[in-house]
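Every position in the sequence shown, counted from 1, becomes a number in the numbering used here once 5 is added. C-beta atoms are modelled at their ideal positions from N, C-alpha and C, and glycine is treated no differently. The block underneath contains the structure these notes are about, expressed in structure tokens.
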Amino acid sequence: MVKSSIALLCKSTSNLKKRKIDQTPEQYLKQITHLYLNGKRLDELGSELSLCKNLNVLYLYDNALKEIPDLSVVPQLTHLYLQNNHISRIDNLSSLSRLEKLFLSRNCITVVEGLEGLSSLHELRVDNQRLSPGESLLFDDQTVTSLAKNLTRLDVAGNYLDSLEDFIPLNCLSHLCASNNQLDSITELTKVLSSWPRLKQLELYGNPVMSKPRAKDAIIISSKSLEILDDKLIPQPTRRFLENWNQFKGFRLEASEAAMKPTRSPVDQELASQLTDLSGPISTSFETQGTKRLVESGFESPQGEVALWTDEGKDSVKKLGETDANKQRESFEKTAPSDRGEVRKPHLNIIAL
């Protein structure tokens with residue numbers, strides 16, 4: 006294994022920042038902003054890192070690090086790449102208040118914690134941890150809460166997660182990769198997605214829930230801002246159709262529930278008022294539950310079913326659209342016995358459909 010040194014650091018910089026002949030190693034390291042220590046078989050990073058006073062980006066991926074080095078000596082760091090090491094615990098990061106990107110993919114982390122001091126973090130990748138059989142990646146509540154204000158990108162793929170509810174506080178998320186997990190509940194998933202008003206891109210392939218009928222439709226409906234699902238753009242006509250269909254189903258349900266309750270339309274009330282003015286007994290009772298609206302195919306062309314007056318003992322019910330129904334009622338109002346000053350005992354049979 007290899008331990009870092011000043012010489013190694015000097016060889017691991019960008020070609021754009023070549024060392025001048027008259028520069029000392031310390032002078033040279035002081036001016037660099039990017040340090041490429043990836044793939045060096047490092048298992049330890051020494052104190053010489055403190056010489057990099059202006060370091061912003063540190064590449065340490067593909068090494069043999071078992072813990073995160075002490076990075077308090079480079080508090081100005083904005084990007085840190087630690088993927089594919091042997092790190093089992095997240096620590097030594099609390100001083101990095103300027104850190105914007107943290108990559109910890111393919112390590113041995115079991116709990117995401119210790120990120121409370123990262124007030125500028127926008128992107129976090131902790132996907133594909135090397136977990137023991139039966140384990141799933143856990144998230145500390147305090148850490149999640151502390152990241153809620155700024156985190157916009159999160160990658161938790163391949164961590165045996167069966168729920169995303171822990172991430173509900175992350176209402177600034179715009180990109181989430183949660184593919185290849187154990188998500189199975191469409192009800193819970195849509196609840197979580199509806200809590201993220203800025204979500205633009207979502208990856209869920211490889212989860213059991215995605216094999217369920219109309220799962221993608223439910224996801225699109227629940228996330229109003231979503232633009233890309235599993236690397237596929239969501240066409241706006243598709244979204245409008247699904248939203249209209251969902252609204253139609255809701256309207257149909259409301260209509261069904263309303264039909265169970267006694268109601269009277271204004272015209273029904275007028276008819277009842279006229280009946281009370283008629284002398285003599287009426288041969289049938291006046292029990293109307295109002296007019297129920299039956300929505301047929303199409304989102305914008307509902308048809309109504311209305312009950313009509315019948316001639317002397319003759320039952321007839323006709324299905325009309327709203328326009329025909331209004332005309333029929335206007336016709337009745339013009340010819341009703343009370344309007345002609347006559348007293349009549351009609352046989353009445355009003356049916357609510």
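Integer Cβ distance of residue i from residue j, believed to fall under 8 Å
{"i": "Leu123", "j": "Val131", "result": "Between Val131 and Leu123 the Cβ distance is about 13 Å, and since that is not below 8 Å, they are no contact."}
{"i": "Lys35", "j": "Lys8", "result": "Contact doesn't hold; Cβ gap of about 21 Å is too wide."}
{"i": "Leu42", "j": "Leu65", "result": "5 Å"}
{"i": "Glu53", "j": "Ile11", "result": "5 Å"}
{"i": "Leu198", "j": "Asp167", "result": "Wrong, their Cβ atoms sit about 16 Å apart, outside the cutoff."}
{"i": "Ser100", "j": "Ser125", "result": "About 12 Å separates the two Cβ atoms, so there is no contact after all."}
{"i": "Leu234", "j": "Ile225", "result": "7 Å"}
{"i": "Ile239", "j": "Glu248", "result": "Not quite, the Cβ-Cβ distance comes to about 11 Å (not below 8 Å), so this is no contact."}
{"i": "Thr150", "j": "Pro174", "result": "6 Å"}
Residue(s) in a DSSP beta bridge with residue i
{"i": "Val197", "result": "In the DSSP output, where bridge partners are listed per residue, Val197 has none listed."}
{"i": "Ile233", "result": "Gln206, Leu238"}
{"i": "Lys106", "result": "His84, Glu128"}
{"i": "Tyr41", "result": "Tyr64"}
{"i": "Phe144", "result": "Val117"}
{"i": "His180", "result": "Arg158, Gln206"}
{"i": "Thr150", "result": "None, per the DSSP bridge assignment."}
{"i": "Val7", "result": "Leu47"}
{"i": "Thr29", "result": "Thr29 pairs with nothing; no bridge assigned."}
{"i": "Thr18", "result": "Leu40"}
Spatially closest choice to residue i from the options, by CA coordinates
{"i": "Ile37", "options": "Pro242, Val79, Ile95", "result": "Val79"}
{"i": "Pro213", "options": "Val149, Ser190, Gly44", "result": "Ser190"}
{"i": "Lys196", "options": "Asn186, Asn176, Asn185, Cys182", "result": "Asn176"}
{"i": "Lys205", "options": "Pro240, Leu181, Gln187", "result": "Leu181"}
{"i": "Phe172", "options": "Asn164, Leu159, Ser184, Tyr165", "result": "Leu159"}
{"i": "Lys217", "options": "Ile92, Leu194, Gly44, Arg94", "result": "Leu194"}
{"i": "Leu136", "options": "Ile92, Thr157, Leu152", "result": "Ile92"}
{"i": "Phe108", "options": "His84, Leu47, Leu101", "result": "His84"}
{"i": "Ala153", "options": "Leu120, Asp167, Thr29", "result": "Leu120"}
{"i": "Asp96", "options": "Pro74, Leu56, Tyr86, Arg103", "result": "Pro74"}
{"i": "Tyr165", "options": "Glu232, Asn185, Arg94, Leu129", "result": "Asn185"}
{"i": "Phe144", "options": "Asp27, Glu170, Ser55, Leu231", "result": "Glu170"}
{"i": "Leu207", "options": "Gln147, Leu56, Ser179, Asp222", "result": "Ser179"}
{"i": "Leu156", "options": "Thr150, Asn133, His127, Val117", "result": "His127"}
{"i": "Val161", "options": "Asp146, Asn133, Ser151", "result": "Asn133"}
{"i": "Thr148", "options": "Leu129, Pro138, Lys23, Tyr33", "result": "Leu129"}
{"i": "Pro138", "options": "Gly163, Asp146, Glu118", "result": "Gly163"}
{"i": "Gly51", "options": "Val117, Arg103, Leu14, Asn89", "result": "Leu14"}
{"i": "Asn4", "options": "Lys45, Ala220, Gln28", "result": "It is not possible to answer for residue 4, since the shown part of the chain is limited to 6 through 358."}
{"i": "Glu140", "options": "Ser151, Thr150, Asn251, Val116", "result": "Val116"}
{"i": "Asn251", "options": "Pro240, Thr18, Ala223, Leu231", "result": "Ala223"}
{"i": "Leu40", "options": "Leu247, Ile239, Asp236, Leu87", "result": "Leu87"}
Next item on the list: Count the CB pairs spanning the stretch 68-82 and the stretch 95-115 that are closer than 8 Å, and state whether there are at least three.
Entry: yes
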